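Line by line, the protein sequences give chains A and B.
Going by my numbering, the first sequence opens with residue 558, and the numbers climb by one from there.
Going by my numbering, the second sequence opens with residue 58, and the numbers climb by one from there.
For each residue, glycine too, the CB sits at the ideal point set by N, CA and C.
As the structure is a prediction and not an experimental result, all values here were calculated from the model.
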Amino acid sequence: MISRRRVLQSIALAATAFSAPAWALDDHVTVITSYPQEVVARFEEAFERLHPGTKMEVLWHMPEDALPYLLDPTHHDVDAYWSPAPRNFAILRDRGLLQPITLDRTSLPMAIGKQPISDPTGLFLAFEVAGFGLTVNPDYLKSHRLPEPRNWADLADPIYAGHVNFPIPSEAHFAHSLLEIILQAHGWTDGWALLSAIAGNSQLVSAGAFVSDEVGRGERGIGASIDFFAASAKANGAPIKFVYPPENGYSPAHVAVIKTAPHPEAAQAFAAFVLSEEGQEILFHPDIRKLPVRPAAYTHAPADYFNPFTAAGKTSFAYDPGLVQARRKLDEALFDQMGPNRLEAFKAMWAAIHAAQVSAGGKEPDALRRARALAVACPVTPKQAADPAYLKTFDERVGNPSAKQAAAAEEARWSSTFDRNYAEATALARSVTGQP
Amino acid sequence: MQSPPRLTAANAGAMWLRFASLALALALCARHADAADVHALSGGDFTVQAPSRYNLSLPGTDLPPELRTVFFAGRTLFRQSWVVAPSPQSKVAGLGPIYNRVACVSCHLDNGRGGPPTGPDDAMHSMLVQLSVPGTAPHGEPKPHPGYGAQFNEHGIPGVPGNGRAAIAWEEFSETLPDGETVPMRRLRLSFPELNYGPLGADTMTSARVAPQILGLGLLEAVPEETILATAEAEKRIGIKGRPNHVWDGVGGRTVVGRFGLKANAASLKEEITGSFTFDLGLTTPMFPNKNCTPVQTACRAAPIAGHPEMSQERLDAVLVYYLALGVPARRNLEDPSVRRGERLFSIAGCSSCHTPTLKTGSHSVLGQLAGQEIHPYTDLLIHDMGDALTDGRPDFEAGPRDWRTTPLWGVGLAGVLNEHANYLHDGRARTLTEAILWHGGDADNSRRAFIDLPKGDRDAVLAFLKSL
């Protein structure tokens, strides 16, 4: 018969498998990250408490700055990379600059539903994921007699015109992922049509945090956003809620140990710590509110905390993060040309279309149908969007003169198409209402 | 190391005299019974109802659209992590070469106060050590250490050694109050296990300080200098020795009454913010166009600079607007009889002689809405001798080693809410409000004694009042 003492010892041993042991490591570990201080400070404090004598030195770099730094062969001072920058990790892996993370990955899934989140070879592992959805101010919706939206397509409903904030992908770093969820869920052509209609209802904003602020203050009723801005604002007292549409994707952040880490033991300990139960539960902090990748952590989650593993089981939508990376620069450029770069004309067109819809009283006269078709027409075909050479043009436009020229030529073509279409759509819509 | 002032049999005789005085004060101060209601709007129009971490980082009042944009730009800069130059992210480059932390918010998380390390192996996450040597600099300010500068910044960018490492150890002890309650206390021991630029020297003065909270600062800046001086005169008449600290205003180029900083050593928020970007983060500014490196810090002096300056006046002004427009939490639990009784006792014990409940603001050149507000910060903005137990051994302009500015108490009740910790006094030594009160000496000694002489229930009422702020 197994004694109670043996059982308790086994439990204690199993518990330590998920947290790094508190023995003395190197005197410091240097980590490159783009996490804000609200995140870094808490992990720094907890890691140093667990490993007294090992200081966590942080080099803060945004992803576009971190990659050149890590690729520079003269930089030998970095131990670990810890950041929401999937493309960077893939490049570092492909260039042979990472070493395997040695922790036991048994309880760390490599995917959420059908979406892979970690590198299958273990050279970089997901540390947390962020989802996307709708920040909503219930009081605002109530006072404006608006129903609560439940999915992306709801945002295109004319009843929400003027009540929505939507992020500009070229300025809000997370927004290209949000765009791709809509494009992948609805297909390229229908997806861009939906995006145009949503943007036509929206104030276009440049930073995700402003979305939750403005919705929280009641200046708008709905904001399309990455989840943690809103979740954190809500946890800290903002009068908002966050709705996760059924079609969703998760933007992972990763941790990796650099191949030439001068303090490899400390680097491995750092990776193990952020992925341990203790480390993962720090993500529940009101100032952080990201989604752990260790399912067991959710047993200690605050009430009503979103669980992506549970949610993934309820949908057949499979978000392709590879496509997100591949189409990012195209998406950003196209969205800019569609809306922000001709905002006055874009807004006037959608205002005219909405007025025409009201005037038509539920019918769709031919002029209105044609106006809508022109408004949402995308100058990039699905074939082009799937062509690696076409995508590369936008990917390499910075630093490659011929790509820069080709991208500029395409943008000029789009620009001309949008200008022509918007003018005609506006005229057609106004013909329905009798406006000049 | 100094101990808090002690209650002994030798001074027990005076206790009876103090009770008699308190009884008289009770009669005279009975009119304060209803004062609590008028104090509900702690910040006037800048009062934040149902305060939370969320709304205490928003404008405290409605701002015109153009100022609101500047406010949020300032908030973004306050939360921004800075990078090492050269960097493609040139707008946020210039960290160091020797620095304290990478962002303002590192020390001022959620605009709350910082906390000290738990022990010698714990890093100074939201604390710093100011340094000086005997004598004064050209305008009367403390003279920086010739090798380490005005502040012991531990971190350096790659290739530049930081100053070294400072360590805090705690010596625990306890105080027993007259009614038998035991209060855990601790005193701080500061050491420097690593020094990268030579010995500090025996005459170097050090002052370990936690980051203060960021709230209501615009309102405090709008209090007229005449009000501060008049308060000092009024206090003199009742035997309280609060003094203004006349300091050099680097922005205006003249001597003024200081009001910011733990020793009221900073003339204005503009100067305070500029100094923080330079001395904490290492960025060059229009006021401080050179990198914060001493002559012996040669790698620091050779490090690249991101711009001239790295932090423009326009961006500093945005951070200023952020600071100015932040609100103040409304009073809570005003209907609780304990809170009301506690406020009366706070006054009777003489605490409100220095922690002045009410001030009125005058005009402000940047944010006009700060004008004409009746505010309840519970500070006189004066420096007071707080006794040997709280000395840091380091003068600052006219403030001596034992002198400290009366800490504004608005927001003190949220210390454990805005942050995960509640640490009080300049070095965060006090973990409870009772502990903080027990360290009061000098000008505040009578009030401290009055507090500890109260029955437990009355002391709890005072604490309930403080927690309502």
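Rounded Cβ spacing between residue i and residue j (contact assumed at less than 8 angstroms)
| i | j | result |
| --- | --- | --- |
| A824(A) | A637(A) | 5 angstroms |
| D711(A) | G775(A) | In fact, because the Cβ distance is near 20 angstroms, the residues do not count as touching under 8 angstroms. |
| A810(A) | S640(A) | 6 angstroms |
| L925(A) | A913(A) | 5 angstroms |
| V937(A) | L891(A) | 6 angstroms |
| A792(A) | P843(A) | 4 angstroms |
| H720(A) | V881(A) | Contact flag wrong, Cβ pair sits at about 28 angstroms. |
| I432(B) | L276(B) | 5 angstroms |
| A813(A) | F646(A) | 6 angstroms |
| L735(A) | F689(A) | 5 angstroms |
| N347(B) | T341(B) | 7 angstroms |
| P366(B) | P386(B) | Actually they do not touch by this definition, with Cβ atoms about 35 angstroms apart. |
Chain-order list of residues whose beta-carbon lies under 8 angstroms from that of residue i (same chain, five-residue window excluded)
| i | result |
| --- | --- |
| R606(A) | none |
| E292(B) | K298, G299, S410, C411, D437 and L439 |
| H816(A) | The question names His, but residue 816(A) is Lys in the sequence shown. Same-chain partners within the cutoff: G653, L654, L655 and Q656. |
| V955(A) | K961 |
| L377(B) | G131, L326, K327, I330 and V423 |
| S114(B) | R132, D167, N168 and L383 |
Proximal residues to residue i (C-beta, below 6 angstroms), its chain only, five neighbours per side dropped
| i | result |
| --- | --- |
| S264(B) | Q187, D449 and R451 |
| L740(A) | G748 |
| N390(B) | V396 and S525 |
| A521(B) | S395, V396 and G399 |
| A324(B) | V304, D306, V313 and G315 |
| A883(A) | L948 |
DSSP state of residue i mapped onto helix, strand, coil
| i | result |
| --- | --- |
| L272(B) | coil |
| E229(B) | strand |
| N253(B) | strand |
| V186(B) | strand |
| P116(B) | strand |
| E953(A) | coil |
| I739(A) | helix |
| N347(B) | coil |
| T413(B) | coil |
| S959(A) | helix |
| F103(B) | helix |
| R222(B) | strand |
| H303(B) | strand |
| A667(A) | First, the residue type needs correcting, since residue 667(A) is Met and not Ala in the sequence shown. Three-state result, M667(A): coil. |
| H911(A) | helix |
| Y638(A) | strand |
| I716(A) | helix |
| V597(A) | helix |
| H618(A) | coil |
| D517(B) | helix |
Close-in-space but distant-in-sequence residues of the same chain around residue i (CB under 7 angstroms, 5 per side omitted)
| i | result |
| --- | --- |
| R388(B) | H96, A97, S99, S525 and L526 |
| G896(A) | A756, L761 and F903 |
| D877(A) | Q741 |
| R650(A) | D676, L680 and F681 |
| I669(A) | V686, Y807, P865, F866 and A869 |
| L134(B) | R372, A375 and V376 |
| L416(B) | V280, T284, I432 and P434 |
heavy atom of the ligand FMN below 6 angstroms from residue i C-beta
| i | result |
| --- | --- |
| L319(B) | Absence of the ligand FMN from the depicted structure is noted, as is the absence of any ligand whatsoever, leaving it without description. |
*asked:* Tell me which residues of the stretch 116-137 of chain B have at least one Cβ-Cβ distance to chain A shorter than 8 angstroms, keeping chain order.
replied: F129, T133 and R136
*May I ask you to verify whether the stretch 377-393 of chain B touches the stretch 500-507 of chain B, counting CB pairs closer than 8 angstroms and requiring at least 3?*
no
*asked:* If the cut-off is 7 angstroms on Cβ atoms, which residues from the stretch 368-388 of chain B count as contacting chain A, listed in chain order?
replied: none
_Meets three-Cβ-pair contact criterion under 8 angstroms: the stretch 210-230 of chain B and the stretch 173-192 of chain B_ = yes
*Mind checking the stretch 243-257 of chain B against chain A and listing, in chain order, the residues whose C-beta falls within less than 8 angstroms of any C-beta there?*
none
*Examine the Cβ distances between the stretch 721-732 of chain A and the stretch 777-794 of chain A and report whether three or more of them are shorter than 8 angstroms.*
yes
*Touch test, the stretch 154-162 of chain B against the stretch 227-236 of chain B, Cβ-Cβ under 8 angstroms, three pairs minimum*: no
*Does the count of Cβ pairs from the stretch 335-352 of chain B and the stretch 107-117 of chain B closer than 8 angstroms reach three?*
no
*asked:* At a CB distance below 7 angstroms, what residues from the stretch 631-642 of chain A approach chain B? Give them in sequence order.
replied: D634
*Of the residues that make up the stretch 729-748 of chain A, which ones have a beta carbon closer than 7 angstroms to any beta carbon in chain B?*
none
_Members of the stretch 800-829 of chain A near chain B, C-beta cut-off 7 angstroms_ = none
_Cβ-based contacts, 7 angstroms cut-off: residues of the stretch 684-701 of chain A near chain B_ = none
*Using a beta-carbon distance cut-off of less than 7 angstroms, what residues from the stretch 777-803 of chain A approach chain B?*
A790, N793, G794 and A795
*Interfacial residues, the stretch 897-916 of chain A to chain B, with Cβ spacing under 8 angstroms*: none
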